[in-house]
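Structure first, then comments.
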Amino acid sequence: MRLKLIKLAGFKSFVEPTRIELNADMTAVVGPNGCGKSNVIDAVRWVLGESSARHLRGENMTDVIFNGSVNRSAHGRASVELVFDNPHNRVPGEFGRFTEISVRREVLRDGSNHYQINGQKCRRKDVTDLFLGTGLGPRSYAIIEQGTVSRLVESRPADLKLFMEEAAGVSRYKERRRETEQRIRHTQENLERLGDIRGELGSRLDHLKAQAETAERYKQLKSRSRAARAELIGSELWALETRLGEAKTELAQTEQALAALDAKRTADEGRHVTLSVARQEAQAEQASRQQQIFLGGQAIARLEQQQLHQTELGRDWQARRQALGERIEGFKTQLAGQLEQLGESTLQGEVASARLEQCEQLLTDQQSVRAAAGERLEQARQRQQQWQQQLGQLQGRLNQTRAEVNGLQELQAKTRLARLKLEDEQAGPLGGEEENLQPALDALAATLSLSRARHEEAEAAWQAGVASHEELKAAQGRQQGLLRELEARLATLDQILGEQMAGATLADRLQVPPEWARGLDKVLGRWLTATPADECNLAQSGLWIGPARPAVAGTLAAQLGGEHIPAFLNAIWLAESREEAQARLHSLSAGESLLTPAGDWFGPNWADLGEGMALGTLALLGERERLHSELVAGREALRRLDEQFAAADAARAQLHSAHELAQRTLREQEQQWQQLREAWSLREGQRQARLQRLGQLGEELIRLDKEQAEEAQRLVSAGERLEQDEAALGELQEQGELLAEALLLAQEQASAADRAVEEARLRREQQQAACQRLQLEQQNQRQLITLREQELARLGLELAELKEPGVTSSQDLSPLLAEQRNLEAQQLACHQRLAELERQLTELEQARSADHKQLVQIQEKLATLRLERERNLTRRQGLHEQFEELGVRLVDLDQAVLIAADRGKLRQEIQTLEAQVEALGAINLAALEEYEEAKTRASYLENQCQDLEQALETLSQAIKRIDKETQIRFRDTFDKVNEDLKSLFPKVFGGGSAWLELTSDDLLEAGVSIMARPPGKKNATIALLSGGEKALTALALVFAIFRLNPAPFCLLDEVDAPLDEVNVGRFCSLVKEMSSTVQFVYISHNKVSMEMAEQLVGVTMQEPGVSRIVSVDIGEAVALAEQN
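Encoded structure:
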C-alpha cells in the first residue's frame, strides 16, 4: 500500500487546487522557510482523523481554511484528499477489495466536517478504523513532526507503549477489550436491574392474584344484580304503560270542557268592546266641555291680572323718578370738586417747571467743573505713566545687572562643583553597581530555569489531558458507530426472522444451547416452522409437533428444553468433534446418526459436513438475543462515555488554565530576566562611558580655570554698574511719591465733581417726573369732568321722557261669566251618561272574571295531566335506557312473570347484592388481565436473566482470549523491536548500545522505556543526551518499528535539522535502506538529504501567503541531462 496522490484546495496556504504526485520511494519536499512545506504534513495528518487544532498549529479546526492574504479574500472551505494504491489488499474491512482507495476530508467555516472514502460519505471513526493495524493514524509513528522526534524518546512509558502497541497491531484488540469490558459492566448492571424488577414483579404477582379473585367475585355479584334489576325494571314498565292509557282518556275530556268555555268567553269579549267604545265617546265629550270651561276661566283670570299690573306700574314710576333726581344732584357735586382740583394741579405744574429750569442750569455748571477736574486727573496720570516707564527701565537694568552677577556667581559655584565631581570620579570606584547587578542576574537565571521546568511539567500535564480528552471523544464516536451498527444488524435480523417465522412455531418454544444451535438448524430444517399441536388446527396445518417424550441421555433431545421436542432427535447422538464422530460410526444402529457442534452430521453410510452452511433460524435467534444485549450494553456505555467526556472536558479546561498560568509566569520571569540583563548592559555601557570621560576631565578642568578668571573680572564690573543703578533708582522713587500725592488729589477733585453732577442730574429727573405726574392728573380730571357732564345730559333726557302711565278702564266680565255657567251644566249631563256605561262594564267584568277563574282551573288540571303524562313518558324512556344499559330486551322477558312480580322483594334483593359488592371494597377490574400479563413478563424476565448470565460468561471468556492474544502479540513485538533497536543503534551512532525495558511484569499494564548509550558514554538516563543524539535514538526506534510492522509510508518533517554532516549521512543511508519496504516523504533543508531523494517536490511562495508546487523527478532529470 502506497500514498499515490495528495489533493489540496483551500487548505492553509494552498489556496488553489493543488496535486502532489508521489511516484518515488523517497520524495523530498524542499523550499525556503515559511513557504508552506509543513502544511503538506499537516494535510495528511488532518485527513487521517486529527481532531486537535493544537497538533495542526492552530487554535480551532477552522484555522486550516485559507484566511486570505493581501491580494486574495478568505475561503469558505478547505479540502484534502489522499489517494492510496492497494494492490495487495492490505487495508482491512470492506474497502480492502479495492486496488485504489481515496480518503477525503472537508471542513466549512461553520466548523462542520465531512469525510468520504471512495466517494462515499462516512464518519471519522470509519476513517480511523480503515487504518487500524496498518501503522497509520493522526498520532502514529508514521508521522514524525518537526521538533518532536527528540521528544519521542523522552515521552512517558505509557505514551511510548502506544507506539509499540500500534506496531504490534494490538490497538484493535485493546479497542475490542475496552468494548467488551463495557459490555460486561452493562450486562452486570442489567442483571442487577433485572433482579430488582423480578423481586418487585414477584410481590406484585401475589397482590394481583388476590385482586383477580376479588374481581371474579365482583363479576358474579354484578351478574345476579343485573338480572334482578332487569326484572324490576320490566315490572315497573308494565305498570307505567297502564297508567299512561288511563291518563290519555282523562286528558281528552278536559280538553272538550276547555273548548266550550272558550266559546262563551269570545261572546263576552264582543259585548265588552261595544260598551268600551261608548264609554270612550262619552269621555271625549266630557273632556271637550272641560276644555271650554278651562279656557273661559283663563280669559277671566287674564283680565283680572292686567288690572293688577297697571296698579303696580304706577307705583314703580314714582320711585324711579325720585332716584334719577338724586343721582343728578350727586353728579353736579362731583363735577364742582373736580374743577377745583384741576385748578390746583395747574398751579403746581407751573411751579415744577420753574424748578426744572433751575436744576438744568445747575447740571450744566457741575458738568463744566467735572470736565476741568478730568483734565487735571488725565495730566497727573500721564506724568505717573512716564515715571513708571522710567522706573521700569531702571529696574530692568538693575535686575539684569543683578542676574548677571548671580549668573557669574552660580557659574563659579558650578565650576567648583564640577571640578570636585570630576576629581571624585577620578578617585572613586567604577564597578560597584555592576558588582551588585551580577548576583541578582544569577539568582533570576536560576528562578527562570525553575519556572521553565514547571512550565514543561504543566505542558506535559496539559498534553496528557488533551490526549485523554481526544481518546474519550474518539471512544464516544466509536461507541455511537457501534450502536448504529448494532441497531442496523438487529433490524435486519428482525426482518429475516419475521419473514421466516409467522405465528407460533417450534423455534419459539425450543430452548437451545448456543453451541448446538448450528447443528440443530441443519437437523430440524423446515421443522423449525412447525406449529405446536396445542396451538394449531390439525385439519389445516401441514407440520405440527406434539408434546415431548422422555429424552435419551447423550442424544440431541437431551440438550434441548421445552414442551415440544421432535421424537426423532432421540436418535441423534452427540460427538464433540469430527474425529470422535467418525470413530463412533460403527456403533450406530439403523436410523441413528451423530452430530457435532460445528454442524457435521454423520450417518452409517452418509455425512453432511458443516462447511459453508449459512446461519439458520436458531442461530439467528441466538444472534438476535446477543445483539439485543450488546445494544443495551452499548447504550449504557455511550451514556457513561458521555459522562466521562464531560468530566474530561472539565479536567482539560482546568489543565488548560494551569498551563496558561505557567506560560504567563514563564513569560513574566523571562521579561524580568531580560530587563535585568538590559540593565546590566546599560550599566556596563555607562561604566565604559565614564572611563572615556576620564580622558577628557583634564582639558575640561583647564578650560574651567580660564573661564573662572574671566568671570571674576566681569563680576567686578557688574558690581560697579549695580551701585550706580541703585542710586538712580532712589531718586526716581522720591519723584514717584510726589506724583502719587498729586494724582490722589486730582482723583479726589474729580470724584467730588462727579458726585455734584450726579446729584444735579437726580434733582432734574425728580422735577421732570413731578411735572409729568401733574400733567397726567390734569388730563384725568378733565376726562372725569367730561364723563360727568355727559351722564347729567343723559339723565335729564331720561327724566324728560318718563311719564305717568294712564289708568286702564276695567272691562266688563259679565258675558264671560254667563258663558262659563252654561258650559258647566253641559259637563254635568255628560258625567251622568258616563256613569251608566261604567256600571254596565263593571257587571260584564264580573261575569268575565268568573269565567276566567273556571278557565284557569281547567287549564291547571290540563297542565297537571299533561305534566303527569310527560313524566310517565320520561320515566318510560329512562326504563328503556336502563334496559339498554343492562343489555336486556323487554321482549325477551316473560310478560306473566313481569305482571306477577313483587317489586318490593326485588328491590330488597338488589340492595342485598349491592351491599355484598360494597363489602368487597375497591375493585381492580383490570387485575385479571394484569395478572396474566405479569405472569408472562415474569417468565420472559427469567429467560432474560439466563441469557444475560450466559452472555456474561461468554464476554468473560472473550476478555481472557483478548488478553492472552494481546500479551502474546505485544511480547513478540517488544522482543523483535528491541532486537532491531539493538542492531540499528550501532549503525546510526557507529557503536554504542540501546535497548527497551518494561516498567513492570504485567504486560497489559506495563509501560515501555528506552535506554541509549552512545559510544564512550555511560549516561544514567536518556535525558542526559544531546539534541542530536536524542534525534538519532528516536530515528533508530522508529525504523526498528518500521522493520517489524512497516506502515505504508513515513512522513518526516526536518528530522535531520539537529544532525551534523556525518550523522546526516548515516540517516540518509538508513532511509535509503528502509525505502525498499516503506515509502518516505520528508521535508529537509540539508543538501545531502536532497541529493538522496528520487523525487523533489518544491514549495514556493512567489505570491505572499499562497503556496505552489514544483515537482522534479530526479531520474528523468538525469536521463535528460545525459541526452544533452
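Just so we're aligned, residue 1 is where the sequence shown starts under UniProt numbering, counting upward by one. Cβ atoms here follow ideal geometry from the backbone N, Cα and C, with glycine treated the same way.
Run of the alpha helix (DSSP H) containing residue i, from where it starts to where it stops
i            : result
residue 970  : 927 to 989
residue 125  : 124 to 130
residue 4    : Counting along the chain, residue 4 falls outside any alpha helix (DSSP H), though it belongs to the beta strand (DSSP E) covering 2 to 9.
residue 39   : 38 to 47
residue 906  : 903 to 919
residue 1089 : 1087 to 1092
residue 1039 : 1027 to 1044
residue 899  : 895 to 900
residue 578  : 578 to 583
Per-residue DSSP class, three states only, for residue i
i            : result
residue 1098 : strand
residue 218  : helix
residue 1059 : coil
residue 293  : helix
residue 1075 : coil
residue 1185 : With the chain represented from 1 up to 1124, any question about residue 1185 goes unanswered, as that position is not in the structure.
residue 1068 : helix
residue 1108 : strand
residue 874  : helix
residue 593  : strand
residue 273  : helix
residue 1019 : coil
residue 134  : coil
residue 14   : strand
Buried or exposed by the 16-neighbour rule on C-beta atoms within 10 Å, applied to residue i
i           : result
residue 573 : buried
residue 186 : buried
residue 110 : exposed
residue 426 : Low confidence applies here, because residue 426 scores a pLDDT of 47, under 50, leaving its location unreliable and the question unanswered by this model.
residue 822 : exposed
residue 144 : buried
residue 33  : exposed
residue 606 : exposed
residue 347 : exposed
residue 368 : exposed
residue 10  : buried
residue 968 : exposed
Unbroken beta strand (DSSP E) run spanning residue i, endpoints
i            : result
residue 79   : 77 to 85
residue 27   : 26 to 30
residue 1011 : 1008 to 1013
residue 21   : 18 to 21
residue 997  : 993 to 998
residue 106  : 100 to 108
residue 115  : 113 to 117
residue 1050 : 1049 to 1053
residue 574  : 572 to 574
Closest by C-alpha distance to residue i, when choosing among the options
i            : options                  : result
residue 981  : 989, 990, 994 and 43     : 994
residue 1068 : 1091, 1049 and 1077      : 1091
residue 1027 : 882, 1046 and 1056       : 1056
residue 1048 : 1038, 950 and 1077       : 1077
residue 301  : 910, 1025 and 820        : 820
residue 887  : 233, 46, 120 and 19      : 233
residue 195  : 1038, 941, 1095 and 1062 : 941
residue 830  : 794, 870 and 280         : 280
Nearest-angstrom beta carbon gap, residue j and residue i [assumed within contact, 8 Å]
i            : j            : result
residue 130  : residue 95   : 6 Å
residue 85   : residue 4    : 5 Å
residue 26   : residue 1072 : 7 Å
residue 987  : residue 1070 : 7 Å
residue 872  : residue 244  : 5 Å
residue 30   : residue 1107 : Residue 30 to residue 1107, Cβ: 13 Å. No contact.
residue 1022 : residue 977  : Wrong, their Cβ atoms sit about 16 Å apart, outside the cutoff.
residue 581  : residue 596  : 6 Å
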